[in-house]
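In UniProt numbering, the protein residues as written are 1 to 183. Single-structure report; data block below.
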Amino acid sequence: MIPLLILGLLIQNPGAHGYELLAFMEKRHYKYIVNFTKGSFYYNLQQLEEKGWIEQIQQKPSTSGREIRSYNITKAGMAEFEKLMVKYGTKSEYVNLQFYGALLFANEYDKNKLLELIQSQIDQTKTRIALLDEYLSNTQKVPGTTDYYRLMNENSRSHHLVNLKWFQQLKAEIEGFGLAQTR
Numbered sequence: 001m002i003p004l005l006i007l008g009l010l011i012q013n014p015g016a017h018g019y020e021l022l023a024f025m026e027k028r029h030y031k032y033i034v035n036f037t038k039g040s041f042y043y044n045l046q047q048l049e050e051k052g053w054i055e056q057i058q059q060k061p062s063t064s065g066r067e068i069r070s071y072n073i074t075k076a077g078m079a080e081f082e083k084l085m086v087k088y089g090t091k092s093e094y095v096n097l098q099f100y101g102a103l104l105f106a107n108e109y110d111k112n113k114l115l116e117l118i119q120s121q122i123d124q125t126k127t128r129i130a131l132l133d134e135y136l137s138n139t140q141k142v143p144g145t146t147d148y149y150r151l152m153n154e155n156s157r158s159h160h161l162v163n164l165k166w167f168q169q170l171k172a173e174i175e176g177f178g179l180a181q182t183r
């Protein structure tokens with residue numbers, strides 16, 4: 001998936017250098033789409049160049065004396081972008097929330113520790129919602145265009161709100177069940 005993101009970003013931002021592309025991925029919170037590190041990003045960037053899907057267009061010396069490599073997508077890269085769009089655009093997989101796996105054994109786990117796990121999910125979900133709110137408040141809808149990334153983030157926010165409500169209800173039920181057992 002990282003090659004799709006890099007190629008797509010180069011289509012949107014011709015002439016961008018690697019650091020700019022990585023900054024876009026981080027600023028736009030692409031980590032919620034795919035796991036990536038700085039190392040995996042630059043590895044994929046190098047692979048795309050070796051395969052001829054992107055090319056360096058200029059090398060500018062920076063003020064730090066380091067070489068800055070700017071890239072453009074090639075004709076072969078456009079063809080690969082098309083293939084990757086079909087590959088990932090036709091996939092539909094279940095959401096793999098690892099917490100659900102742990103919840104399968106909730107009855108065999110210490111109740112107080114389970115409540116801590118659920119609180120952790122609540123805290124993480126609130127953080128994700130805050131990041132999405134930040135992104136959505138810093139972008140504006142452009143009349144006459146469709147911003148699919150914004151729509152995706154609005155949808156993601158809705159899912160997180162549903163999860164938050166469920167986590168909070170689950171926690172309340174477990175806490176309430178504990179009170180009923182002590183009576």
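Idealized CB from N, CA, C, for every residue including glycine.
Per-residue burial, residue i [other beta carbons within 10 Å of its own, 16 or more giving buried]
| i | result |
| --- | --- |
| K51 | exposed |
| F36 | buried |
| F41 | buried |
| L21 | buried |
Residue span of the beta strand (DSSP E) that contains residue i, given as start and end
| i | result |
| --- | --- |
| I6 | Element bounds for I6: not the beta strand (DSSP E) but the alpha helix (DSSP H), 2-12. |
Any non-hydrogen atom of the ligand NAP within 7 Å of residue i CB
| i | result |
| --- | --- |
| K141 | In the structure shown, the ligand NAP is absent, as is every other ligand, since no ligand is present at all. |
Pair within 8 Å by beta-carbon distance, residue i and residue j
| i | j | result |
| --- | --- | --- |
| E175 | L131 | no |
| T125 | F99 | no |
| I129 | R150 | no |
| I73 | I33 | no |
| A16 | Y71 | yes |
| L48 | G18 | no |
| F105 | G8 | no |
| I118 | L164 | no |
| Y135 | R28 | yes |
C-beta neighbour in chain C for residue i, strict 8 Å
| i | result |
| --- | --- |
| R150 | The structure shown contains no chain C, having only a single protein chain. |
Enclosing alpha helix (DSSP H) for residue i [first to last residue]
| i | result |
| --- | --- |
| R69 | Taken as a continuous stretch (DSSP letters only), R69 belongs to no alpha helix (DSSP H), being part of the beta strand (DSSP E) at 67-73. |
| E49 | 38-50 |
| Y100 | 98-103 |
From the options, residue whose alpha carbon lies closest to that of residue i
| i | options | result |
| --- | --- | --- |
| M85 | Q168, P3, L170, A16 | P3 |
| N107 | F177, D147, Q46 | F177 |
| M78 | N138, R66, I6, A16 | I6 |
| E75 | W53, M25, E20, I118 | In the sequence under discussion, the amino acid at residue 75 is Lys, which differs from the Glu named in the question. Of W53, M25, E20, I118, the residue nearest in Cα terms is W53. |
| K83 | A172, K171, M1 | M1 |
| D133 | T146, D147, E154 | E154 |
Beta bridge counterpart(s) of residue i as assigned by DSSP
| i | result |
| --- | --- |
| E55 | N72 |
| H29 | In DSSP, H29 forms no bridge with anything. |
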